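Trainee: For reference, the structure I am asking about is given below.
In the working numbering, the protein residues as written are 2 to 248.
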């Protein structure tokens, strides 16, 4: 069983770390459906794997100067308040409608990313517009995460690629840097509450670390247009999964 958990982390992280995503949308349901973990333990254990993956990938991306730290921090600014509001709104909004709505948005974003031409901007010079866009994107990222349980990496990537015009190779490293900070804060309370299953978390974490190193190392070797197609394909899978949850 542990070997298959290891393979799960390896495969998901290898693909997702190439394009700046955590992979929780795939790891969490796999732990529930394939390994029969209770939902809370699946979430906590998945977050542990994503934490390891994002830290490992960030180190590789940083080594190759593919992380914009200021943008990454700005995109984390309002994650927590947004997530809190999102969780609160779930008491008033039907969950199936939320899943249908955001699943459709993710599909639209995937199409826009495929068509978007990068202006090769690394956003090294922060303007007031960039700061406002990032902070607003941070709030939306947290809101979506709180309402439908999908990681904010998708929104962060969309903001950087669509709104800021960043190359996907830079946006990927930056998104993973921000993710490494937020997942650390999420894993600690889950561990305290007993939601991190060590017998699953260790093989998952090892697989995620190796997969993230492989994936982030491949980022620099793969053409940007191919990376955009990979990101769009992953987003399409996530969008379809969210829409299916509505029925």
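The beta-carbon is built from N, C-alpha and C at its ideal position, and this holds for glycine as well.
On a predicted model such as this, the values are computed, not experimentally measured, just so you know.
Excluding the five sequence neighbours on either side, which residues of its own chain have a C-beta within less than 7 Å of the C-beta of residue 136, listed in chain order?
Mentor: 75, 78 and 79
Trainee: Would you give the residue range spanned by the alpha helix (DSSP H) that residue 102 belongs to?
Mentor: Counting along the chain, the alpha helix (DSSP H) containing residue 102 begins and ends at 96–116.
Trainee: For residue 65, name the three-state secondary structure that DSSP assigns.
Mentor: coil
Trainee: Note down the Cα distance separating residue 91 from residue 160, rounded to an integer number of angstroms.
Mentor: 24 Å
Trainee: Considering only residues of the same chain and omitting the five flanking positions on each side of residue 107, which have a CB-CB separation below 7 Å?
Mentor: 155, 236, 239, 240 and 243
Trainee: Counting Cβ pairs closer than 8 Å, one from the segment 188–195 and one from the segment 136–147, do we hit at least three?
Mentor: Fewer than three pairs of CB atoms, one per stretch, sit closer than 8 Å, so the segment 188–195 makes no contact with the segment 136–147.
Trainee: Going by CA-CA distance only, name the one from 232, 12, 104 and 226 that's closest to residue 31.
Mentor: 12
Trainee: Quick one: using the 10 Å Cβ neighbour count with 16 as the cut-off for buried, is residue 40 buried or exposed?
Mentor: So residue 40 ends up on the exposed side.
Trainee: Measuring CB to CB, does residue 55 end up less than 7 Å from residue 212?
Mentor: Not closer than 7 Å, so no.
Trainee: Mark residue 22 as exposed unless 16 or more other C-beta atoms lie within 10 angstroms of its C-beta, in which case mark it buried.
Mentor: Around the beta carbon of residue 22, a 10 Å sphere encloses 16 or more other beta carbons of the protein chains shown; the residue is thus reported as buried.
Trainee: Between the C-alpha atoms of residue 86 and residue 129, what's the straight-line distance to the nearest angstrom?
Mentor: For residue 86 and residue 129, the distance between alpha carbons rounds to 25 Å.
Trainee: Cα separation between residue 93 and residue 183?
Mentor: When rounded, the distance between both Cα atoms is 26 Å.
Trainee: I'd like to know whether the C-beta atoms of residue 4 and residue 202 end up nearer to each other than 7 Å.
Mentor: no
Trainee: Which stretch, first to last residue, makes up the alpha helix (DSSP H) that contains residue 168?
Mentor: Run containing residue 168: none; DSSP gives neither H nor E here.
Trainee: Are there 16 or more other CB atoms within 10 angstroms of the CB of residue 57, so buried, or fewer, so exposed?
Mentor: It is buried - the Cβ of residue 57 has at least 16 other Cβ atoms within 10 Å.
Trainee: Starting from residue 213, trace the alpha helix (DSSP H) in both directions and tell me its first and last residue.
Mentor: Per DSSP, residue 213 belongs to the alpha helix (DSSP H) from 199–220.
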